[in-house]
């Protein structure tokens with residue numbers, strides 16, 4: 138049986154710096170397999186829907202070559218071809234939203250939240266680090 142602890146109960150320092158908290162969140166982000174799956178599926182959705190939209194526009198223009206009324210109707214729709222590259226962004230936002238939820242909730246389901254909040258007693262730096270990691274990764278994937 139252990140005896141009483143020696144010391145006056147004061148803390149040993151100011152705690153981890155924000156860069157260390159950010160680094161730990163980035164390590165947790167990288168090591169989740171579901172993170173890589175969701176980021177990969179985001180890229181596939183963005184590129185796939187853009188390719189599908191471009192293919193559809195090309196097919197519509199090809200079929201309208203013989204019919205001037207149909208060509209005029211397609212031309213009246215505006216810059217539909219300019220919007221094709223960003224056609225998958227709406228679906229990608231849903232996937233990235235689920236990624237953000239996964240980053241927060243996975244820590245609570247595994248019990249890692251206890252060690253995180255023990256190491257970083259102030260919750261704001263931990264949540265800001267999570268926010269920065271998710272926002273930067275979402276920007277890099279969707280840019």
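In my numbering, the protein residues as written are 138 to 280.
By construction, the Cβ of each residue, glycine as well, lies at the ideal position given by its N, Cα and C atoms.
Three or more C-beta pairs under 8 Å: does that hold for the segment 262-280 against the segment 156-165?
With a cut-off of 8 Å, the segment 156-165 and the segment 262-280 count as touching, because enough Cβ pairs lie within range.
Distance CB(residue 240)-CB(residue 182) smaller than 8 Å:
On the chain shown, residue 240 is found 103 positions in, with the first residue counted as 1. On the chain shown, residue 182 is found 45 positions in, with the first residue counted as 1. With respect to residue 182, residue 240 sits apart: the two C-beta atoms are not nearer than 8 Å.
DSSP three-state assignment for residue 152, whether helix, strand or coil
By 1-based counting over the chain shown, the position of residue 152 is 15. Note: residue 152 maps to coil in three-state DSSP.
Is it buried or exposed, residue 213, if we count other Cβ atoms within 10 angstroms and call 16 or more buried?
Taking the chain shown and counting its residues from 1, one reaches residue 213 at position 76. By the 16-neighbour rule on beta-carbons within 10 angstroms, residue 213 is exposed.
If you compare alpha carbons, which of 244, 153, 175 and 254 is closest to residue 274?
Here residue 274 corresponds to residue number 137 of the chain shown, with the count starting at 1. Comparing Cα positions, the closest option is 175.
Taking 8 Å as the cut-off, does the segment 219-239 touch the segment 249-257 (at least 3 CB pairs, one atom from each stretch)?
Result no; under three Cβ-Cβ pairs closer than 8 Å.
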